[in-house]
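Participant:
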Amino acid sequence: MAGGMVVATDGPAADYGGGLTFSVFITCLVAASGGLIFGYDIGISGGVSAMEPFLRRFFPHVLKRMAEAKQGNEYCIYDSQALAAFTSSLYVAAAVASLVASRVTRALGRQAIMLIGGALFFAGAAFTGAAVNIAMLIVGRMLLGLGVGFTNQAAPLFVAEMAPPRWRGALTAGIPFFLTLGALIANLINYATARVSWGWRVSLALAGAPAAVMFVGALFLTDTPSSLVVRGRLARARAALLRVRGPSADVDAELREISRAVEAARQSEDGAFRRMATRRDYRPHLVFAVAVPVFTQLTGVIVLAFFAPLVFRTVGFGSNAALMGAVILGAVNLGSLLLSTLVIDRYGRKVLFMVGGIQMIICQVGISWIMGAQLGKSGEAAMARPYAVAVVVLTCLHSAGFGVSWEPLAWVVPSEIYPVDIRSLGQAMNVSISMGLAFVQTQTFLAMLCRFKYATFAYYAAWVAVMTVFVALFLPETKGVPLESMGEVWVKHWYWKRFVPEQGKRDAAVN
Numbered sequence: 063m064a065g066g067m068v069v070a071t072d073g074p075a076a077d078y079g080g081g082l083t084f085s086v087f088i089t090c091l092v093a094a095s096g097g098l099i100f101g102y103d104i105g106i107s108g109g110v111s112a113m114e115p116f117l118r119r120f121f122p123h124v125l126k127r128m129a130e131a132k133q134g135n136e137y138c139i140y141d142s143q144a145l146a147a148f149t150s151s152l153y154v155a156a157a158v159a160s161l162v163a164s165r166v167t168r169a170l171g172r173q174a175i176m177l178i179g180g181a182l183f184f185a186g187a188a189f190t191g192a193a194v195n196i197a198m199l200i201v202g203r204m205l206l207g208l209g210v211g212f213t214n215q216a217a218p219l220f221v222a223e224m225a226p227p228r229w230r231g232a233l234t235a236g237i238p239f240f241l242t243l244g245a246l247i248a249n250l251i252n253y254a255t256a257r258v259s260w261g262w263r264v265s266l267a268l269a270g271a272p273a274a275v276m277f278v279g280a281l282f283l284t285d286t287p288s289s290l291v292v293r294g295r296l297a298r299a300r301a302a303l304l305r306v307r308g309p310s311a312d313v314d315a316e317l318r319e320i321s322r323a324v325e326a327a328r329q330s331e332d333g334a335f336r337r338m339a340t341r342r343d344y345r346p347h348l349v350f351a352v353a354v355p356v357f358t359q360l361t362g363v364i365v366l367a368f369f370a371p372l373v374f375r376t377v378g379f380g381s382n383a384a385l386m387g388a389v390i391l392g393a394v395n396l397g398s399l400l401l402s403t404l405v406i407d408r409y410g411r412k413v414l415f416m417v418g419g420i421q422m423i424i425c426q427v428g429i430s431w432i433m434g435a436q437l438g439k440s441g442e443a444a445m446a447r448p449y450a451v452a453v454v455v456l457t458c459l460h461s462a463g464f465g466v467s468w469e470p471l472a473w474v475v476p477s478e479i480y481p482v483d484i485r486s487l488g489q490a491m492n493v494s495i496s497m498g499l500a501f502v503q504t505q506t507f508l509a510m511l512c513r514f515k516y517a518t519f520a521y522y523a524a525w526v527a528v529m530t531v532f533v534a535l536f537l538p539e540t541k542g543v544p545l546e547s548m549g550e551v552w553v554k555h556w557y558w559k560r561f562v563p564e565q566g567k568r569d570a571a572v573n
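So the mapping is simple: the working numbering equals the position in the sequence shown, first residue as 1, plus 62.
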């Protein structure tokens, strides 16, 4: 039986043995390093946008607006579509790349995509660092975006398919960990280079360093067993399993389960997208392929990560203080991700979603209240320093809530819930929707802050409340479940079982 029709087994999910070997650790480390470059690009753009030499060269109208600013337009100083395009252009290219990444990944394998992504990252860093006009900036950002689109599609699958089930959550969470580490490093570099007129070039060009490391590291990786089986390379798939699982694991049994899942996928004649869009048994996968990236973007953390220095300047901090605030924000986020890595496979996914969601709601309501009370409804008042500090503290706590919940789990959950025949498609949809929405948000956030003012943060708080309830009701727990047995969680769920019926009880690994 093909596709999403799955079978509930009477016993526990299969465990093929094998532990966290050195090989699987290094493989997952290199794959996860793609997040380091993406995080660096996230952190660098917001900080560079606050540097006066950069604004003077490319966006002089923003500097003029800052110099002429009077009481009443604190929210609108940075409302520039050209400045927003510098940030958002990365996401346009990432969304386009992710649309074709599924087919390319399936044909070439996960390793090849990591190599392509590393080369694109390096080229993008060279263009932005050497930019002499806005066109070069945008081209460089789009090259970076193409790298993001390919690596964000391949890296989570690479890690999920290599990791042992009981370590999969922690190892997949390594991707957002590196993403956050990259953003923190970028903020530190921005703070260090902001004092020199050419510092923005250093900040932008240094993205090439981790890109080179990822490219070289990917040369020494083996492709994932699932990807090799899909391409008919069974001997290499067995060798890859033996390498990453170790001699104590039952690699032949695991290879049989992977092969059965791949063969079940091949039995279906219609395309993966048509199956996901039209068949009832794929309904939960379709819903989460859309819901996870949409909700992740609507937490508001992504735009805050990009524009934190500008938001901190809006509430009254100077340029250097705003950059240091972004550094503190990145450090808090990194610490929360470390915490989530330690507990994600102990307490499960849903607990972290609940705790992080409640924390984010409280913080966003607090930020909205302080900004409304202190800056006024139209930004006509100056914010007292204690309240500005309180905004920074609440922003950090909000980021910490995101760091233990949606940030890691938005990578972990999509990488593990899809059957093998739509796994590449599901991840590609997750990335393309996420990148498309990130483009919309980064392009419109500064205008939204200008028009919604303090209510911007109340808007995001309302969305976090909606998504927290959604997760509580509709997300099954996937902690410790092997990928080949993941269909069981849908069969047993109170709602999704009506769409994913038990069929046959003869192919426990048909997933």
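Every residue gets a Cβ at the ideal spot worked out from N, C-alpha and C, and that includes glycine.
Entirely within the stretch 434-489 and at least 3 residues each: give me those beta strand (DSSP E) ranges in chain order.
Facilitator: None, since the stretch 434-489 contains no complete beta strand (DSSP E) of that length.
Participant: By the three-class DSSP mapping on this structure, what secondary structure does Thr312 have?
Facilitator: For the purposes of this step, residue 312 is taken as the residue at position 250 of the sequence shown. With the sequence shown as reference, residue 312 is identified as Asp, and Thr is not the correct amino acid for it. Looking at Asp312 - three-state DSSP - the assignment turns out to be coil, as it is neither helix nor strand.
Participant: Quick check on DSSP: helix, strand or coil for Val553?
Facilitator: Position 491 of the sequence shown, counted from the first residue, corresponds to residue 553. Helix at Val553.
Participant: Quick check: what's the CA-CA separation for Leu459 versus Pro538?
Facilitator: Counting from one through the sequence shown, the residue named residue 459 turns up at place 397. Counting from one through the sequence shown, the residue named residue 538 turns up at place 476. Distance between the alpha carbons of Leu459 and Pro538 is about 27 Å.
Participant: When you compare the CB positions of Leu145 and Gly207, do they come within less than 8 Å of one another, or not?
Facilitator: Locating residue 145 in the sequence shown gives position 83, where the first residue counts as 1. Locating residue 207 in the sequence shown gives position 145, where the first residue counts as 1. Their beta carbons are not under 8 Å apart, which means Leu145 does not touch Gly207 by this criterion.
Participant: Would Gln13 be called buried (16 or more neighbouring beta carbons within 10 Å of its own) or exposed?
Facilitator: No answer is possible for residue 13: it lies beyond the span of the chain, which begins at 63 and ends at 573.
Participant: If you drop the 5 nearest sequence neighbours on each side, which residues of the same chain put their C-beta closer than 8 Å to that of Arg411?
Facilitator: On the sequence shown, position 349 is the one that residue 411 refers to. Answer for Arg411: Gly231, Leu471, Val474, Val475, Leu537, Glu539, Thr540 and Lys541, listed in chain order.
Participant: Among the candidates Met386, Pro544, Ser496 and Gly294, whose CA atom is the shortest distance from the CA of Glu478?
Facilitator: Along the sequence shown, one-based indexing puts residue 478 at 416. Glu478 has its Cα closest to that of Pro544, out of Met386, Pro544, Ser496 and Gly294.
Participant: In angstroms with no decimal places, state the Cα-to-Cα distance between Glu331 and Arg485.
Facilitator: For the purposes of this step, residue 331 is taken as the residue at position 269 of the sequence shown. For the purposes of this step, residue 485 is taken as the residue at position 423 of the sequence shown. Here Glu331 scores only 43 on pLDDT, less than 50, and its place in the model should not be relied on; the value that follows carries that caveat. Roughly 16 Å separates the two Cα atoms.
Participant: Cβ of Gly179 less than 8 Å from any chain D Cβ?
Facilitator: Here there is only one protein chain, and chain D is not present.
Participant: Whose C-alpha, out of Asn395, Val352 and Gly179, is nearest the C-alpha of Leu281?
Facilitator: In the sequence shown, counting from the first residue as 1, residue 281 sits at position 219. The option with the nearest alpha carbon to Leu281 is Gly179.
Participant: Check each candidate in Ala235, Arg172, Met176 and Phe415 and name the one with the smallest Cα separation from Leu535.
Facilitator: Here residue 535 refers to the residue found at position 473 when the sequence shown is read from its first residue. Of Ala235, Arg172, Met176 and Phe415, the residue nearest in Cα terms is Phe415.
Participant: Apply the 10 Å Cβ neighbour rule to Gly392 and answer buried if 16 or more other Cβ atoms are within range, or exposed otherwise.
Facilitator: In the sequence shown, the residue the question calls residue 392 occupies position 330. By the 10 Å Cβ count, Gly392 comes out buried.
Participant: Buried or exposed: which applies to Gly333, given that a residue is buried once 16 or more other Cβ atoms fall within 10 Å of its Cβ?
Facilitator: Here the question's residue 333 lines up with position 271 in the sequence shown. Looking at its Cβ environment, which holds fewer than 16 other Cβ atoms inside 10 Å, Gly333 is exposed.
Participant: Just to confirm, is the Cβ distance from Ala267 to Ser402 under 8 Å?
Facilitator: Position 205 of the sequence shown, counting from 1, holds the residue named residue 267. Position 340 of the sequence shown, counting from 1, holds the residue named residue 402. No, Cβ-Cβ distance for Ala267 and Ser402 is not below 8 Å.
Participant: How do the stretch 239-259 and the stretch 493-511 stand: do at least 3 beta-carbon pairs fall below 8 Å, yes or no?
Facilitator: no
Participant: Near Ala157, what residues of its chain come up, given a Cβ to Cβ distance below 6 Å and the 5 sequence neighbours on each side ignored?
Facilitator: Sequence index remark: in the sequence shown, residue 157 carries index 95 (1-based). Excluding sequence neighbours, Ala157 sits near Ser494, Met497 and Gly498.
Participant: Go to Pro238, then tell me how far its alpha helix (DSSP H) extends in each direction, as first and last residue.
Facilitator: Your numbering for residue 238 matches position 176 in the sequence shown. That run of the alpha helix (DSSP H) goes Gly236 to Thr255.
Participant: Let me check understanding here. Comparing Cα to Cα, which of Gln426, Ile320 and Ala383 lies closest to Tyr516?
Facilitator: Within the sequence shown, the letter at position 454 stands for residue 516. Nearest C-alpha to Tyr516 among Gln426, Ile320 and Ala383: Gln426.
Participant: I'd like to know whether the C-beta atoms of Ala94 and Ala217 end up nearer to each other than 8 Å.
Facilitator: Looking up residue 94 in the sequence shown gives position 32. Looking up residue 217 in the sequence shown gives position 155. For Ala94 and Ala217, yes; Cβs fall inside 8 Å.
Participant: May I ask you to verify whether the stretch 256-263 touches the stretch 113-127, counting CB pairs closer than 8 Å and requiring at least 3?
Facilitator: yes
Participant: Have a look at Leu366, Asp103, Leu317 and Gly308 and flag the residue whose alpha-carbon is nearest the alpha-carbon of Arg300.
Facilitator: To locate residue 300, count along the sequence shown from 1; it is residue 238. Closest by alpha carbon: Leu317.
Participant: How would you label Phe84, buried or exposed, when you count the other beta carbons within 10 angstroms and need 16 or more for buried?
Facilitator: Taking the first residue of the sequence shown as position 1, residue 84 is located at position 22. Exposed.
Participant: How would you write the range of the alpha helix (DSSP H) that Met529 sits in, first residue to last?
Facilitator: Residue 529 sits at position 467 when you count from the first residue of the sequence shown. For Met529, the enclosing alpha helix (DSSP H) has its first and last residue at Ala517 to Phe536.
Participant: In the DSSP assignment, the alpha helix (DSSP H) including Thr89 goes from what residue to what residue?
Facilitator: As a first step, residue 89 is located in the sequence shown; it is residue number 27 there, counting from the start. Here the alpha helix (DSSP H) through Thr89 covers Phe84 to Ala94.
Participant: Check each candidate in Leu400, Ile423 and Asn252 and name the one with the smallest Cα separation from Gly105.
Facilitator: Against the sequence shown, residue 105 aligns to sequence position 43. Checking every option, the nearest Cα to that of Gly105 belongs to Asn252.
Participant: Starting from the C-beta of Ala193, find all residues in its chain whose C-beta is less than 7 Å away, skip the five residues before and the five after it, and write them out in chain order.
Facilitator: Taking the first residue of the sequence shown as position 1, residue 193 is located at position 131. Leu199 and Gly202.
Participant: Can you tell which of Gly171, Gln489 and Gly434 has the C-alpha that lies nearest to the C-alpha of Gly294?
Facilitator: The residue labelled residue 294 in the question sits at position 232 within the sequence shown. The shortest Cα separation from Gly294 among Gly171, Gln489 and Gly434 belongs to Gly171.
Participant: Nearest-angstrom Cα distance between Thr504 and Pro355?
Facilitator: Locating residue 504 in the sequence shown gives position 442, counting from the first residue. Locating residue 355 in the sequence shown gives position 293, counting from the first residue. Distance between the alpha carbons of Thr504 and Pro355 is about 15 Å.
Participant: Just how far apart, CA to CA, sit Ser398 and Met422?
Facilitator: Numbered from 1 along the sequence shown, position 336 holds the residue referred to as residue 398. Numbered from 1 along the sequence shown, position 360 holds the residue referred to as residue 422. Spanning the two alpha carbons is a distance of roughly 13 Å.
Participant: Thinking C-alpha only, which one of Ser289, Gly387 and Pro346 is nearest Phe532?
Facilitator: In the sequence shown, counting from the first residue as 1, residue 532 sits at position 470. For Phe532, the nearest C-alpha among the options comes from Pro346.
Participant: Using DSSP with H/G/I as helix, E/B as strand and the rest coil, what is Ala156?
Facilitator: Residue numbering aside, residue 156 sits at position 94 when the sequence shown is read from its first letter. DSSP places Ala156 in helix when its eight states are reduced to three.
Participant: With a threshold of 16 other CB atoms inside 10 Å of the CB of Met67, please say whether the residue is buried or exposed.
Facilitator: Locating residue 67 in the sequence shown gives position 5, where the first residue counts as 1. Residue placement at Met67 cannot be trusted, given a pLDDT of 30 that sits under 50; what the coordinates show is reported in the next sentence. It counts as buried.
Participant: Need the endpoints of the alpha helix (DSSP H) that Pro115 sits in, please.
Facilitator: Locating residue 115 in the sequence shown gives position 53, counting from the first residue. Note, Pro115: alpha helix (DSSP H), Glu114 to Phe120.
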